[in-house]
Amino acid sequence: DAGVIQSPRHEVTEMGQEVTLRCKPISGHDYLFWYRQTMMRGLELLIYFNNNVPIDDSGMPEDRFSAKMPNASFSTLKIQPSEPRDSAVYFCASRGGRQSTDTQYFGPGTRLTVL
Amino acid sequence: SQQGEEDPQALSIQEGENATMNCSYKTSINNLQWYRQNSGRGLVHLILIRSNEREKHSGRLRVTLDTSKKSSSLLITASRAADTASYFCATDGRDYNQGGKLIFGQGTELSVKP
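Chains A and B, in that order, are what the protein sequence lines are. In the working numbering, each number is its position in the first sequence, counted from 1, plus 343. In the working numbering, each number is its position in the second sequence, counted from 1, plus 34.
See the structure below:
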C-alpha cells in the first residue's frame, strides 16, 4: 500500500494566486482529514469528510479556503486568493473506521510558501 | 484552541537515557493518542490509551493517563538517535457525533544525541 499520497510536495506561489493541494487517501478508507501545521498554531484540523461528504469544516479559516472530495480516492484543498499568512505545511490524513480509536494515517504533507 | 498542551517544548538527551514528555488536556476524553513526526514528514501513530486505562506499553514506549488530572505522559526508554523527532499527543472529545476527530497538542521536540 502506497499510503496517503499528497501533491505537490512543495508549492511556492505569489500572493493573490490560486493554490490547489491534492490528496489520495488509502484505498478503502472512508474518512479524510485536512490539517494545517504552523509554528505559531501547531497542527490544526481544517475539515474532514466521511464517505466523500464534508462533516465538519469549522476549522476552515475563511472563505478563501475550500475543499472538495469528488470521489473516494481524491480530495482537493483550494486557496483562492492566497496570502502570505497561508504559508504552512498542509497534511492530509485518512482513516478506515468511524471511531477515534481507529488510526489516522498521514500523508507527507505539502509545504506551501506564499510570497 | 488546542486541546492538548505539552511540555517540555524541547528536550535534549544522550543516547541510552530515558525521555519523558507530558501532555495536559482540558475536556473529557474517550482516548488519548501519541504521534511522532520526523522532520519534514507526516505524523505516525505510536500508541493509544483509552480513558479507562492507566498505563500502556509498546516496546520501549510507556504511556500513562491520569484522567483526574487530565494529563498523560510518554516515556521512551533507552533512547536512540533515531528517536529524534517531534512527539504530539492527540485527544478526541466525548461527543461521538464528532466522528472521532482529533485535536493535537503543540508537540515536544526531542533530540537524542549519539
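Quick reminder that beta carbons are idealized off the backbone N, C-alpha and C, glycines included.
Suppose you measure from the CA of Glu-40 of chain B to the CA of Lys-147 of chain B; what does that come to, to the nearest Å?
Here the question's residue 40 of chain B lines up with position 6 in the second sequence. Here the question's residue 147 of chain B lines up with position 113 in the second sequence. About 22 Å.
Length-filtered (3 minimum) beta strand (DSSP E) runs lying within the segment 355-405 of chain A
With a minimum length of 3 residues, the continuous beta strand (DSSP E) runs that stay inside the segment 355-405 of chain A are 362-367, 374-381, 385-393 and 396-399.
Which residues of the segment 389-422 of chain A have a Cβ closer than 7 Å to any Cβ of chain B? Give them in chain order.
In summary, the residues of the segment 389-422 of chain A whose CB is separated from some CB of chain B by less than 7 Å are Tyr-391, Asn-393, Ile-398 and Asp-399, in the order they occur in the chain.
Check distances from the C-beta atoms of the segment 435-450 of chain A to those of chain B and list, in chain order, the residues that come in under 9 Å.
Against chain B - using a Cβ distance shorter than 9 Å - the residues of the segment 435-450 of chain A are Cys-435, Ala-436, Arg-438, Gly-440, Arg-441, Gln-442, Ser-443, Thr-444, Asp-445, Thr-446, Gln-447, Tyr-448, Phe-449 and Gly-450.
Closest to Ile-348 of chain A by CA distance: which of A:Trp-377, A:Leu-388, A:Glu-357 and A:Phe-408 is it?
As a working mapping, residue 348 of chain A is identified with position 5 in the first sequence. The shortest C-alpha separation from Ile-348 of chain A is found at A:Trp-377.
For Ser-145 of chain B and Gln-71 of chain B, which I take to be in contact (beta-carbon distance under 8 Å), what is that distance rounded to the nearest angstrom?
Taking the second sequence and counting its residues from 1, one reaches residue 145 of chain B at position 111. Taking the second sequence and counting its residues from 1, one reaches residue 71 of chain B at position 37. About 14 Å separates the two Cβ atoms, so there is no contact after all.
Can you list, in chain order, the residues of its chain whose CB lies under 6 Å from that of Gln-360 of chain A, leaving out five sequence neighbours each side?
By 1-based counting over the first sequence, the position of residue 360 of chain A is 17. Excluding sequence neighbours, Gln-360 of chain A sits near Ser-425.
Nearest neighbour of Glu-49 of chain B, chosen from B:Ala-116, B:Ile-137, B:Arg-75 and B:Gly-141 [CA to CA]:
Reading the second sequence from its first residue, position 15 is the one you call residue 49 of chain B. Per the Cα distances, B:Ala-116.
Short of 9 Å Cβ to Cβ, which residues in the segment 69-87 of chain B face chain A?
From the segment 69-87 of chain B, only Tyr-69, Gln-71, Gly-74, Arg-75, Gly-76, Leu-77, Val-78, His-79, Leu-82 and Arg-84 have a Cβ closer than 9 Å to chain A.
Is it buried or exposed for Met-487 of chain A, if we count other Cβ within 10 angstroms and need 16 for buried?
An answer regarding residue 487 of chain A cannot be provided, because it is not within the stretch 344 to 458 covered by chain A.
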